[in-house]
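Colleague:
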Amino acid sequence: MSLILDHVNYTYDTSTSMSHDALRDINLNIKDGEFIGLIGHTGSGKSTLVQTMNGLLKPTGGNIYYDGADINDSDYDRRALRGKVGLVFQYPEHQLFEETVFKDVCFGPKNLGLTEKEINLRSFDALEKVHLEHEYFYQSPFDLSGGQKRRVAIAGVLAMKPKVLILDEPTAGLDPKGRDEILGLISKIHEETNMTVILVSHSMEDVANYVDRIIVMNKGEVFMDGTPKEVFTHPDELEKIGLAVPEVTYIVRELKERGLNVDTTVTTLQEAKETILKALEGR
3 MSLILDHVNY TYDTSTSMSH DALRDINLNI KDGEFIGLIG HTGSGKSTLV
53 QTMNGLLKPT GGNIYYDGAD INDSDYDRRA LRGKVGLVFQ YPEHQLFEET
103 VFKDVCFGPK NLGLTEKEIN LRSFDALEKV HLEHEYFYQS PFDLSGGQKR
153 RVAIAGVLAM KPKVLILDEP TAGLDPKGRD EILGLISKIH EETNMTVILV
203 SHSMEDVANY VDRIIVMNKG EVFMDGTPKE VFTHPDELEK IGLAVPEVTY
253 IVRELKERGL NVDTTVTTLQ EAKETILKAL EGR
């Protein structure tokens, strides 16, 4: 059930003096089970792109196919699509509105026409998957911490059992501990379900540690598309568009220049540790 974007364009405020292109000729093939990092500076088109993927925004040009069908055909059921391609917004407050956490998570499955028993089972299972303590199930979602709200927002999408999970800056505003917990949670969900995950982020460390493919956006276009190692071997190009490579990559490059025989393609702390120890042992 791949997600294919074929020459997709999106223009805001068409036919007005404020008209501007947010997406330009996007061509992507998102395969089943991939864990993708979508990165780019503010205004690069990341959020617009993911909103076209689940039908919230209709492209002003091009086509988007899910499981072989064009999601923007007049007779396509876009409500059903949002149960298959789930989007967790950057700010959880934009998704939370019910009196209690449990009611909030039940909202999506209810719209699928499921029985009350199935709705409750799905919602309980989703809250378990995000490791939210039972004591919060019947509290107001607005009384929770920022990290807990994000867990509830993710659970609300998981309860619909999507095939594709899109998360728009899920760690924004969280402290390092909260960020690591949320990312670890997302990684575990991906491993256990083989769900396609698209992680929108501005943190190079986040995507380097978890994803297996990176799509770099710049000025509404796909600037790079490849594995973390392939993308992060181009620090100069990334810096020109306001991005960077992970800190450990800069460190090993500096060590290489100083004569230590290290692998300069490493992108994670563990890889850096291994190549530095190996280089020191070889001296």
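Each residue of the sequence shown is one higher than the one before, starting from 3 at the first, in my numbering.
We treat Cβ as the ideally placed atom computed from N, Cα and C, and that holds for glycine.
1. Does the separation of the CB atoms of alanine 161 and serine 125 fall below 7 Å?
2. Spatial neighbours of isoleucine 6 within its chain, please: C-beta separation below 6 Å, excluding the five flanking residues on both sides.
3. Going by C-alpha distance, which of Phe144, His133, Asp77, Tyr140 is nearest glycine 186?
4. Between glycine 261 and chain B, is any beta-carbon pair separated by less than 7 Å?
5. For the alpha helix (DSSP H) that contains glutamate 223, what are its first and last residues?
6. Which term fits glutamine 150, buried or exposed, when burial requires 16 or more other beta carbons within 10 angstroms of its beta carbon?
7. Is phenylalanine 91 helix, strand or coil when you go by DSSP?
8. Return helix, strand or coil for aspartate 265, following the three-state DSSP convention.
9. Enumerate, from N- to C-terminal direction, the unbroken alpha helix (DSSP H) stretches of 4 or more residues contained entirely within the segment 63-123.
10. Give the DSSP-derived three-state secondary structure of tyrosine 140 in the structure shown.
11. Take every Cβ of the segment 188-204, pair it with every Cβ of the segment 16-24, and state whether three or more of those distances are shorter than 8 Å.
12. Rounded to a whole number of angstroms, what is the C-alpha to C-alpha distance between asparagine 211 and serine 17?
13. Using a Cβ distance threshold of 8 Å, determine whether the segment 168-176 contacts the segment 89-102, with at least three qualifying pairs required.
14. In terms of DSSP beta bridges, what is aspartate 170 paired with?
15. Are the beta-carbon atoms belonging to lysine 242 and threonine 267 less than 7 Å from one another?
16. I need the straight-line Cα distance from valine 199 to isoleucine 184, nearest angstrom please.
17. In this structure, does DSSP put aspartate 177 in helix, strand or coil?
18. In the DSSP assignment, the beta strand (DSSP E) including aspartate 34 goes from what residue to what residue?
19. I'd like the list of long-range same chain contacts for methionine 226, defined as Cβ closer than 6 Å, with 5 residues on each side in sequence excluded.
20. Let me know the secondary structure DSSP gives aspartate 23 once reduced to three states.
21. Within the same chain, show all residues whose beta-carbon is closer than 7 Å to that of arginine 84, passing over the 5 residues directly before and after it, in chain order.
22. Hey, could you find the ends of the beta strand (DSSP E) arginine 285 is sitting in?
23. Note down the Cα distance separating leucine 262 from valine 213, rounded to an integer number of angstroms.
24. Any idea which residues DSSP pairs arginine 255 with across the strands?
25. Keeping to the same chain, check which residues put their C-beta closer than 6 Å to that of alanine 293; ignore five residues upstream and five downstream.
26. Okay, do the segment 75-90 and the segment 135-145 touch, 3+ Cβ pairs below 8 Å being the bar?
27. Mapping the DSSP letters down to three states, classify glycine 39 as helix, strand or coil.
28. Report back the beta-carbon spacing between valine 103 and tyrosine 138 to the nearest angstrom; my notes put them in contact at under 8 Å.
29. Give the single residue among Gly244, Val209, Ala246 whose Cα lies nearest to the Cα of threonine 229.
30. Using alpha carbons as the reference points, say which of Ile216, Leu167, Gly148 lies closest to lysine 179.
Modeller: Reading it off the structure:
1. yes
2. Asn31, Tyr67
3. His133
4. The chain inventory of the structure shown lacks chain B, comprising one protein chain alone.
5. No alpha helix (DSSP H) holds glutamate 223; the beta strand (DSSP E) holding it covers 223-228.
6. When all chains shown are included, glutamine 150 counts as buried.
7. coil
8. Annotated three-state conformation of aspartate 265 is coil, per DSSP.
9. 80-86, 103-112
10. coil
11. no
12. 43 Å
13. yes
14. Val202
15. no
16. 14 Å
17. coil
18. Note, aspartate 34: premise wrong, no beta strand (DSSP E); not H, not E.
19. Val218, Val233
20. strand
21. Asn56, Gly57
22. From DSSP, arginine 285 is part of no beta strand (DSSP E); its letter is neither H nor E.
23. 28 Å
24. Beta-bridge pairing links arginine 255 to no other residue.
25. In this structure the chain extends from 3 to 285, so residue 293 is not present and cannot be described.
26. no
27. strand
28. 6 Å
29. Just measuring C-alpha positions, the residue of Gly244, Val209, Ala246 sitting nearest threonine 229 is Val209.
30. Gly148
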